[in-house]
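Structure, as structure tokens:
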Amino acid sequence: PDLFDAIPDVFDAPFVRWLSRGSGQSRMNVVPQGTVSRCKVVGLYFSASWCPPCRQFTPLLIEGRSKIHQKHGEDSFEVVLVPRDRSKAAWVEHLSQLPWLSLPFGHEMVWKLKEHFAVAQLPRLVVIDDAGRVLNENAR
């Protein structure tokens with residue numbers, strides 16, 4: 015797919031991250047604009063908490079992301095969850111277990127990306143560079 019229209023919107027979309035604050039206190043935090051656009055490579059991760067193959071793949075992606083950060087730095091690669099959960103509560107629970115960013119549940123960009131990449135199965139990891147070029151449409 016030609017990402018000329020989709021990617022600028024993705025980089026401008028609001029992102030959130032789950033923050034743990036010790037003492038059992040956690041909350042969602044809006045990430046400053048530009049956080050994703052400064053990364054060299056971004057993985058758009060279409061996933062849901064109810065999806066068994068996602069539950070198998072997610073720990074591998076967490077480990078791979080960690081190794082990339084250790085070797086190349088934190089700005090080398092970021093994952094953005096494109097949530098496919100069925101409820102906001104399920105998405106919040108899912109996000110609370112993940113170390114990366116997420117598009118907000120129900121945000122119009124979730125649907126635009128799903129349509130753009132014709133996502134029919136989960137999980138799906140679409141890897142793009144900082145110019146919006148697709149490096150891999152279904153990375154593993």
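Position one of the sequence shown corresponds to residue 15 (this note's numbering), numbered consecutively onward.
Cβ atoms here follow ideal geometry from the backbone N, Cα and C, with glycine treated the same way.
Cα-Cα separation between residue i and residue j, rounded to whole angstroms
i	j	result
M123	R98	12 angstroms
V56	W64	24 angstroms
P66	G87	31 angstroms
F160	W125	Outside the modelled stretch of the chain, which goes from 15 to 154, sits residue 160, for which no answer is possible.
P113	R79	9 angstroms
H117	F29	The displayed chain sequence assigns Leu, not His, to residue 117. Whole-angstrom Cα-Cα distance: 5 angstroms.
S90	I82	7 angstroms
K157	A62	Residue 157 is absent from the structure shown; the chain starts at 15 and stops at 154.
V129	K85	Per the sequence shown, the amino acid found at residue 129 is Glu instead of Val. So the alpha carbons of these two residues sit roughly 34 angstroms apart.
Contact set for residue i: own chain, Cβ-Cβ below 7 angstroms, skip 5 residues either direction
i	result
W174	A query on residue 174 cannot be resolved here, the shown segment of the chain reaching from 15 to 154 and no further.
P73	none
Sheet register partners of residue i (DSSP bridge)
i	result
V45	V45 is not bridged to any residue.
N50	Checking the displayed sequence, the identity of residue 50 turns out to be Val instead of Asn. DSSP output for V50 lists no bridge partner at all.
R31	N43
N150	V141
Enclosing beta strand (DSSP E) for residue i [first to last residue]
i	result
L75	Per DSSP, L75 belongs to no beta strand (DSSP E); it is in the alpha helix (DSSP H), P66 to H86.
L58	V55 to S61
R95	In the sequence under discussion, the amino acid at residue 95 is Leu, which differs from the Arg named in the question. Note, L95: beta strand (DSSP E), F91 to P97.
Cutoff 6 angstroms; reference residue i; Cβ partners in own chain excluding five residues on either side
i	result
Y59	V93, L95 and L139
E107	none
E151	V140
I142	V56 and V148
Check: Curious, which full-length alpha helix (DSSP H) runs of at least 4 residues does the region 106 to 147 contain?
Finding: 122 to 130
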